[in-house]
Structures are given as structure tokens and as C-alpha cells.
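K.L.:
Attaching a single structure in C-alpha cells format; questions to follow.
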Amino acid sequence: MDRVIVYPGQVISDTDTLIAQRNAEIAIGNALSATIGTAGPFAVGFAATCNGQDLVVTVASGHINEVAVIDADAYGSMAADSAQVVRQYVSPGASFTLSATSAAQTFYISASLSSADTNATLLRYVDASDDSLTLAGQNGDGASQATIRAAIATLEVTTAPPVDGGILIWSVVLPANATAVTQSMISLANSALFYPTIPQLAPKDSPLFTGSPRAPTPTAGDQSTLLATTAFVGSWASGNLLSIQSYVGPSATTGGANTFSLSVQSRCKRVIIAVSAGGGGGGGCPTCTATQAGIGGGGGAGAYALLAIDPSLVSFPLTVSLGCGGRGGQSSAGAMSGNSGGPSSIGSFVTLGGGFGGVIGTGSGEAVIGGAGVGGNPQVVTTSGVTVIVSSKGQGGQSGLAVGISENYFFGYGGMGGNRSPYSGGEEAGAGQTGNAGELGSGGSGACVSPGTTYQNGGDGGSGWMVVMQYG
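To convert, note that position 266 of the sequence shown is 288 in this note's numbering; the numbers rise steadily by one, no gaps.
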């Protein structure tokens, strides 16, 4: 910046002081334009607050940096200067009392910028006719004169956006008949006005970021050396597997259901859920005479669903219930069909029926067939954010069969339980064997009792199950 030189014994002119101050403002403006540019305005301060108990909004002090003419009018004895400089306009802050009406309103708080000659003071001048005297005022007329050329930011509140160069800062949305302003009603109306300060910026050559540095986000798939922002990484990483969780319902002997709340991680973008109801139990066979045989059918598998859920559209946590496996027919007191598997459900939009139990066939003659249990049925309600990939009925169990019913010659087996992929139903049971248990969601097989032998129980159905995969 330019600096004024004065010498000992020199008669100092008013312009010596004025030009020094003009040069200082130009230098400060050049420094501002070098750091924040000239595409302002830019502001610091002006925090808007309220106490939540009345209609008063208080705006703190602040300043606005904006390009302006150096001096539109003469500056003391110096002529006007139309060159431009980045000038700092100062506001002491202000408080505004809003007026509520029967309709909702939006109030706008803005600043208007101006330069004004202020602080008028009665100055003393040397009397040229008698240097031992002074004059009150420049011509001895007692008139006060401005002593400061102030750059002023004047705050005001209006019910319409500012025009004619006003700089919008805050907006306040006041509900109808409001009695108080809350902080949630106040929002920044001009985010570009507040430029990050130098301490808030990250040093380019420092491995340790400070503040909250931001950078433009490259387009998806960009392979350049541009910075990878969190927004870019989040988009690129979408679809990454975050976790896999598995759950099962109670065993057939325990009975009931396993009910719990299912939550997802905060960064989860998609949930894939595979879920099944419990499988039905196989039929149990009674003790048979020398001319009778008992054959149990296999239990059916539970219904199944494969879902894709968008957590932004579906509210978590969800209530989940996983059903038990169906108990195989217990035949100590006689023939008994297998029990149905327990249903499984997710929220209010998925209900899966358990597989039905296998049925018993007893008799004599050339052949006996044991009836099979059918698979469970799915019920899915159309819901926003839930995509049904698969919704399927459970596979039915197989019928048991016996031929050549006598103590001397007999061939028979209990029916196999229905499969619930990727799990298998209970395998066929041979003569004199208890039914075999099914794996998760699958049916148990039926028992088989040959002529003249004691009862056998049906195999238990497998518990309901669920696998949850979360993707980011």
C-alpha cells in the first residue's frame, strides 16, 4: 500500500491525513479481494436468535464485505474517486418485534448498505486574522461538521423479499396467530452470504484436516485425480454388504414363536430378507395287529418370501415373529396326525402360513396310503418401499405307502417331509421306524408301523427361519 511521507517542520495539510486513510481502505480491500474474491457480498456474524417466549427476533452484530466505489462524493478536500474497492459495512445488530395475524406469514431480514458522513462535531479553526484566536466552525459560524465517513449495514425486516440492492440474510416463517417465535421458525435465506473463514479451511499441505472442508463431488464412475468426497464414496459404495444376520423360531418340542424387533444400521440403504414359516410334523402310527399296518404322511413345508426393503420408505424397527416347527404325531394312545408348523410374520405386510401335518393311514389288505400334509400359504400386503421378489407356497409332504400287509411279507415306508429350499424335509422312514425330523422350515416325515409291531411317532417339522442382509 502507498504511505504518506511528512517531514519535520512541514505544515501538514488535511489531504495528508485523508489520503493515508483512503490508501489504508484500498489496501484492506485488496487483501479481502485476494482472500474471498470480488463475487460477494460476504458476511460475518448476524446470528439470529429468539427466546421462544415472545415475537422478538434478535440479530447480532456483523459486517458485510461488498465491492463499492471508493468515494462517490468529495472526501474532505479530496475529489471523488470512482475506482472500486472491497469495503466492509458494519452493523451493531438489531431486534425486531414481529406481528402475528390470522394467516401464516414469512418475514425477511435483510441489510441495506450505504456510506454516510456522520458524527457531526463543532470544530475549532485558526483565525487567520489573529493566530492567537480560534474560530467556532470553519467560518466562525458555529456550524458542526461530519468527522467520520461511515460504511453502514442497516438491518430491516419486511414481509416481502428485499429489492433495490437489499441483501437478504434470514427468513422467519410465523404461523397464524402465533404468540412466540421459536428457533425452528428461523432459517438462513442466503447461504452463499457466509464464506468460510481461513481457520475453517483445511491446509492444503497438512495431513490433518481442520474444520469441515468441502470439495465438489465428482460424477459417479469418475476415474480422475479429483477429491473423493463422502458423497462420492457413499454413492460408489452403495450396494456394499454391511451385515448378514440369521434367526430361527422355537423347536417343535418348545412350541410357540420367537418374536423380536428388527432394526437396521443408520447407513443401510437396502435390506434383503429371506423368511420362512415352520414345517408341519409327520403323521404318527399306532400299534398294529398282525393283519394291520400304519403309515404316516410327511408334513408340508412352511411358506416362503424373499423381500427387498427400502429403509427410507419403511419405518424400522419392524416386529418379527418366527414360528416353531410342527410336532410330529405322538401315537402312544393311537394314531395321530402331525401338527402344523407355526406361522412367521414381518410387520403388518408379510404373514407366512406353516406347513400342515401329515395324515395317518391304517388298515389291512393289499395296500395302505398315508395322507401327506400340504404346504403353508403366503399372504403379502402391497406396501410402499417393499419389493416382493419371491412369495411361494410351501412344498407338500409325500404320502406314505404300504403293500403286502402281513407279518410274513411287508413293504412300506412313511412319507417324506416337504422341502423348504435350501433345507430338506425329513427322509422316508422304513418299517418300524419313527419319522425323521425336517430341517429348518421343512416338514417331518411320517412314521411306518408294520403288522404286529408297536407305535411310532412322526418326525418333527423344522422351525421357521429368517436371514437378513443389509446393504449400504
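Ideal placement from N, C-alpha and C gives every residue a C-beta, glycine not left out. Since the structure is predicted, the reported quantities are computational estimates derived from the model, not experimental observations.
Secondary structure at residue 103, three-state DSSP: helix, strand or coil?
P.N.:
If you number the sequence shown from 1, residue 103 lands on position 81. The three-state secondary structure of residue 103, taken from DSSP, is strand.
K.L.:
For residue 178, count neighbouring C-beta atoms within 10 Å of its own C-beta (all shown protein chains included) and say buried if the count is 16 or more, exposed if not.
P.N.:
Sequence index remark: in the sequence shown, residue 178 carries index 156 (1-based). Classification of residue 178: exposed, given that the 10 Å Cβ count is below 16.
K.L.:
Are the beta-carbon atoms of residue 271 and residue 302 separated by less than 8 Å?
P.N.:
Position 249 of the sequence shown, counted from the first residue, corresponds to residue 271. Position 280 of the sequence shown, counted from the first residue, corresponds to residue 302. Taking 8 Å as the Cβ cut-off, residue 271 and residue 302 do not qualify as a contacting pair.
K.L.:
Residue 37: which of 376, 100, 56 sits nearest, CA to CA?
P.N.:
Position 15 of the sequence shown, counting from 1, holds the residue named residue 37. With distances taken between Cα atoms, residue 37 lies closest to 100.
K.L.:
By Cβ distance below 8 Å, which residues in the same chain neighbour residue 476 in space, the five residues on each side in sequence not counted?
P.N.:
Locating residue 476 in the sequence shown gives position 454, counting from the first residue. Closer than 8 Å at the Cβ level, and outside the excluded window around residue 476, lie 309.
K.L.:
Scan the region 23–104 and note each continuous beta strand (DSSP E) run of 3 residues or more that stays entirely inside, going in chain order.
P.N.:
When DSSP assignments are scanned along the region 23–104, the uninterrupted stretches of beta strand (DSSP E) that are 3 or more residues long and fall wholly within it turn out to be 64–67, 78–81, 84–93.
K.L.:
Tell me which residues share the same chain as residue 148 and place their Cβ nearer than 6 Å to its Cβ, disregarding the 5 neighbours each side in the sequence.
P.N.:
Residue 148 sits at position 126 when you count from the first residue of the sequence shown. None.
K.L.:
What is the C-beta distance between residue 466 and residue 298, in whole angstroms, given that I count them as a contact (C-beta under 8 Å)?
P.N.:
In the sequence shown, the residue the question calls residue 466 occupies position 444. In the sequence shown, the residue the question calls residue 298 occupies position 276. So it is not a contact: roughly 15 Å between Cβ atoms.
K.L.:
Return the first residue and the last residue of the beta strand (DSSP E) that residue 15 is part of.
P.N.:
Only positions 23 to 494 of the chain appear in this structure, which leaves residue 15 out of reach.
K.L.:
Please state if the CB of residue 49 and the CB of residue 26 are separated by a distance shorter than 8 Å.
P.N.:
Counting from one through the sequence shown, the residue named residue 26 turns up at place 4. Counting from one through the sequence shown, the residue named residue 49 turns up at place 27. No, these two residues do not count as a Cβ contact at 8 Å.
K.L.:
Are there 16 or more other CB atoms within 10 angstroms of the CB of residue 163, so buried, or fewer, so exposed?
P.N.:
Numbered from 1 along the sequence shown, position 141 holds the residue referred to as residue 163. Exposed, because fewer than 16 other Cβ atoms sit within 10 Å of the Cβ of residue 163.
K.L.:
Measure the C-alpha to C-alpha separation of residue 324 and residue 289 and round it to an integer number of angstroms.
P.N.:
Locating residue 324 in the sequence shown gives position 302, counting from the first residue. Locating residue 289 in the sequence shown gives position 267, counting from the first residue. Answer to the nearest angstrom: the Cα atoms are 33 Å apart.
K.L.:
In the DSSP output, what is residue 173 paired with across the bridge?
P.N.:
One-based indexing of the sequence shown puts residue 173 at position 151. DSSP output for residue 173 lists 137 as bridge partner(s).
K.L.:
Assign residue 205 to one of three DSSP states: helix, strand, or coil.
P.N.:
As a working mapping, residue 205 is identified with position 183 in the sequence shown. Residue state, collapsed to three classes: helix.
K.L.:
Quick check on residue 214: does DSSP put it in helix, strand or coil?
P.N.:
If you number the sequence shown from 1, residue 214 lands on position 192. Reduced to three states, the DSSP call for residue 214 is helix.
K.L.:
Relative to the alpha-carbon of residue 206, which residue among 338, 193, 157 has its alpha-carbon at the smallest distance?
P.N.:
Numbered from 1 along the sequence shown, position 184 holds the residue referred to as residue 206. For residue 206, the closest alpha carbon among the candidates 338, 193, 157 is that of 193.
K.L.:
Classify residue 65 as buried or exposed, calling it buried when 16 or more other Cβ atoms lie within 10 Å of its own Cβ.
P.N.:
Here the question's residue 65 lines up with position 43 in the sequence shown. Result: buried.
K.L.:
In whole angstroms, give me the CA-to-CA distance for residue 286 and residue 409.
P.N.:
One-based indexing of the sequence shown puts residue 286 at position 264. One-based indexing of the sequence shown puts residue 409 at position 387. Going by the C-alpha atoms only, they are around 17 Å apart.
K.L.:
By alpha-carbon positions, which one of 369, 349, 306 ends up nearest to residue 336?
P.N.:
In the sequence shown, counting from the first residue as 1, residue 336 sits at position 314. Nearest of 369, 349, 306 to residue 336, Cα basis: 369.
K.L.:
Can you tell me where the beta strand (DSSP E) with residue 268 in it begins and where it stops?
P.N.:
For the purposes of this step, residue 268 is taken as residue 246 along the sequence shown, with counting starting at 1. Judged by DSSP secondary structure, residue 268 falls within the beta strand (DSSP E) whose first and last residues are 263–270.
K.L.:
Do residue 385 and residue 314 have their C-beta atoms within less than 8 Å of each other?
P.N.:
Indexing the sequence shown from 1 puts residue 385 at position 363. Indexing the sequence shown from 1 puts residue 314 at position 292. Yes, the pair counts as a contact, with Cβ atoms nearer than the cut-off.
K.L.:
At 3 residues or longer, what runs of the beta strand (DSSP E) sit wholly inside the region 436–494?
P.N.:
Fully enclosed beta strand (DSSP E) runs of 3 or longer: 487–493.
K.L.:
Quick one: Cα of residue 482 to Cα of residue 367, how far?
P.N.:
Numbered from 1 along the sequence shown, position 460 holds the residue referred to as residue 482. Numbered from 1 along the sequence shown, position 345 holds the residue referred to as residue 367. Each residue's Cα considered, the two are about 21 Å apart.
K.L.:
Compare the C-alpha of residue 196 against each of 129, 437, 494 and name the closest.
P.N.:
Position 174 of the sequence shown, counting from 1, holds the residue named residue 196. Considering only alpha carbons, the answer is 129.
K.L.:
Using 8 Å as the threshold, is the C-beta distance between residue 304 and residue 457 below it?
P.N.:
Here residue 304 corresponds to residue number 282 of the sequence shown, with the count starting at 1. Here residue 457 corresponds to residue number 435 of the sequence shown, with the count starting at 1. Contact flag set, yes.
K.L.:
Relative to the C-alpha of residue 119, which residue among 97, 79, 140, 103 is closest?
P.N.:
Start at 1 with the first residue of the sequence shown, and residue 119 comes out as number 97. Cα-wise, what sits closest to residue 119 is 79.
K.L.:
Rounding to the nearest angstrom, what Cα-Cα distance links residue 170 and residue 334 in this structure?
P.N.:
For the purposes of this step, residue 170 is taken as the residue at position 148 of the sequence shown. For the purposes of this step, residue 334 is taken as the residue at position 312 of the sequence shown. Approximately 59 Å, taken between the alpha carbons.
K.L.:
What does DSSP give as the partner residue(s) for residue 165 in the beta ladder?
P.N.:
Here residue 165 corresponds to residue number 143 of the sequence shown, with the count starting at 1. Looking at the DSSP assignment, residue 165 forms no beta bridge with any residue, so it has no partner.
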